[in-house]
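Here the structure is laid out as structure tokens; the discussion comes afterwards.
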Amino acid sequence: MLALADCNNFYASCERVFQPHLEGKPILVLSNNDGCVIARSNESKALGIKMGVPVFQVKNTIEQHNIQVFSSNFTLYGDLSKRVMSTIRQEVKAIEVYSIDEAFMDFSGEGKHLEKGIDLKKKVQQHIGIPISIGIAPTKTLCKVAGLIAKTHTKSGVFVLKDKAIIERALKWLPVEELWGVGRRHARKLNDVGIKTAYDLCRADDSWIRRRLSVVGLRMVKELRGTPCFPLEEQASKKKNICTSRSFGKSISNIEGLKEAVSNYANSCAYKLRKQQGCASRISVFIHTNPFKPTDKQYRGFTSLILDTPSNDSIELVRLALKCLEKIYRSDCTYKKAGVIVSDISPQQQQQLSLFDTINRQKHQSIMTALDSINDKFGKDKVHLAVQGYGRRWKMKQEQLSPCYSTRIEDALRVYL
DNA sequence: TCTGGGGTCCTAGGACCC
DNA sequence: TCTGGGGTCCTAGGACCC
């Protein structure tokens with residue numbers, strides 16, 4: 011048996027941990043630049059606020075119901091996530107951290123599954139203050155279904171999906187578009203041919219599913235029928251692509267501003283590469299105008315460069331990123347977003363050196379190591395390249411940012427006795 | 001006025017090889 | 001008149017996830 015632990019309304023719950031008076035009150039967490047709604051407490055969901063809507067469209071509802079609004083604080087959410095995962099890790103044989111707010115677990119073995127789930131939920135609540143739901147079933151896809159039921163149809167927040175009859179009942183109840191692996195496109199395709207529920211899909215012909223939903227869809231259906239196709243993966247695999255991109259708080263029309271942003275993103279990619287001990291041999295840069303302003307001239311620039319020798323050196327990657335930028339920049343546009351992608355990633359240990367290499371790699375590597383250790387200790391970008399700038403004209407809008415209670419000592423709560 | 005930021009996998013088609 | 005059979009690699013696009 012497997013289980014899926016899923017944090018309820020995770021970002022909203024994180025904000026509540028340090029502001030418990032918000033319990034029972036509607037909360038929203040916004041995307042970067044405070045643009046869209048990316049998390050809602052139950053109370054906000056009940057008020058009809060949809061996932062992903064631009065904030066300005068629900069401004070009235072926010073004011074009317076005095077909804078508490080937060081900018082996204084990923085430092086806080088990331089830290090609380092780590093803590094939730096480590097509490098879970100102590101209670102189970104194996105865990106796969108699937109996303110910031112979800113983990114699959116090995117729930118096999120003796121003991122009653124339901125009780126074990128309830129106990130785990132209680133521990134996470136007590137240790138971290140984050141409410142979770144748990145779905146328990148023989149396959150990952152069925153765990154997802156069980157988790158959905160746990161969240162909506164149980165008091166305990168834990169549900170076991172094991173008996174054949176209960177699985178069948180659950181699948182007949184579940185609309186096909188709610189399935190893990192069925193997105194909007196597939197849902198429409200399936201609905202068009204009369205497949206409305208997960209149960210309908212289970213009864214469809216294998217070769218038909220294979221043709222319409224590819225092998226990925228077929229695996230999912232097999233899992234619904236009880237055959238595991240997605241094993242528990244304890245080791246997080248290394249990224250094959252790494253991207254850092256942002257929309258700007260304010261549009262940028264000069265190349266200097268873009269240079270500053272792009273060098274920061276390239277530096278961030280290089281940092282992420284070093285953290286996973288990889289080197290990239292391709293770097294790409296893109297810049298976009300604002301697609302929501304149709305009156306503006308629209309342009310999307312994208313280009314890549316191939317490196318002779320794979321690298322994770324900030325100095326080199328920033329230089330190449332700026333070279334890409336020069337190629338795609340057009341002075342007659344106003345830009346709203348830029349990004350850097352590094353790909354073709356290979357392990358740092360096995361690099362083939364280029365015959366014509368001019369960089370002193372060893373020296374650069376020492377610089378990077380020093381840079382990382384300083385910044386890990388004293389804060390992000392405490393020491394950085396000059397091109398990254400100090401102006402931050404491109405920076406994000408974050409007007410409702412909560413403190414980093416658990417990761418910055420200055421932000422820690424003070425308790426007066 | 002105001003609209004996020006990351007990822008993965010699969011498939012089809014083209015270019016190329018022998 | 002008739003025009004093979006087997007591969008690989010790469011890329012773009014489409015689908016999905018959080």
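The opening residue of the first sequence carries number 11 in this note's numbering; numbering runs sequentially from there. In this text, a Cβ means the ideal position worked out from N, Cα and C, and glycines have one as well. All figures in this text were calculated on a predicted structure; none of them were measured in a lab.
Secondary structure of Ser224 (DSSP, three-state): helix.
For the segment 355-401, the full-length alpha helix (DSSP H) segments reaching 4 residues or more read 371-388 along the chain. Our two residues, Gln375 and Asp323, have alpha carbons roughly 7 Å apart in a direct line. Following the DSSP letters along the chain, one finds Thr151 inside the alpha helix (DSSP H) bounded by residues 150-163.
Proximity to Ile177 across Gly157, Arg194, Arg99 peaks at Gly157, based on C-alpha coordinates.
With fewer than 16 other Cβ atoms from the protein chains shown falling within 10 Å of its own Cβ, Glu120 counts as exposed. Beta-bridge partners of Glu112 (DSSP): Asp16, Ser109. In chain order, Val79, Phe80, Ser81 place their CB closer than 6 Å to the CB of Gln410, counting only its own chain and leaving out the 5 sequence neighbours on each side. In the displayed model, Phe302 falls within coil according to three-state DSSP, outside both helix and strand. Going by C-alpha positions, Val425 is about 36 Å away from Glu125.
When Thr379, Ala208, Cys253, Lys69 are compared, the shortest CA-CA separation from Lys232 is found for Ala208. Around the beta carbon of Ile262, 16 or more other beta carbons lie within 10 angstroms, which makes this residue buried. Residue environment: Glu270 is assigned as buried (16 or more neighbouring CB atoms within 10 Å of its CB, all protein chains considered). DSSP places Ala147 inside the beta strand (DSSP E), whose first and last residues are 142-147.
The C-beta of Leu14 has 16 or more other C-beta atoms within 10 Å across all chains shown, which makes the residue buried. In this structure, Val168 places its C-beta atom within 9 Å of the C-beta atom of Gly127.
Here DSSP, grouped into helix, strand and coil, assigns Cys239 to coil. Of the residues assessed, His163 falls on the exposed side of the cut-off, its CB having fewer than 16 other CB atoms within 10 angstroms.
Burial is judged here by how many other beta carbons sit within 10 angstroms of a residue's own beta carbon; Gln360 has fewer than 16 and is exposed. Shown here, Arg256 sits in a strand according to DSSP, grouped into three states.
Annotation for Gln78: the continuous beta strand (DSSP E) segment containing it runs 78-81.
Leaving aside the five residues that flank Ile138 on each side, the residues in its chain whose CB is nearer than 8 Å to its CB run, in chain order, Val27, Leu90, Arg93, Val94, Thr97. Using a C-beta cut-off of 8 Å, the segment 330-344 makes no contact with the segment 378-386, since fewer than three inter-stretch Cβ pairs fall below that distance. Ile297 carries a strand assignment under DSSP once its states are collapsed to helix, strand and coil. Cβ contact annotation for Glu420 (same chain, cutoff 6 Å, sequence separation greater than five): none.
Partner residues in the beta bridge of Phe312, as assigned by DSSP, are Phe296. One thing to note: Ser416 has its Cβ no nearer than 9 Å to the Cβ of Lys346. With respect to Ile338, Thr313 sits close: the two C-beta atoms are nearer than 9 Å. Fewer than three Cβ pairs drawn from the segment 232-241 and the segment 270-289 lie within less than 8 Å of each other, which leaves the two stretches out of contact. With respect to Lys407, Asn43 sits close: the two C-beta atoms are nearer than 9 Å.
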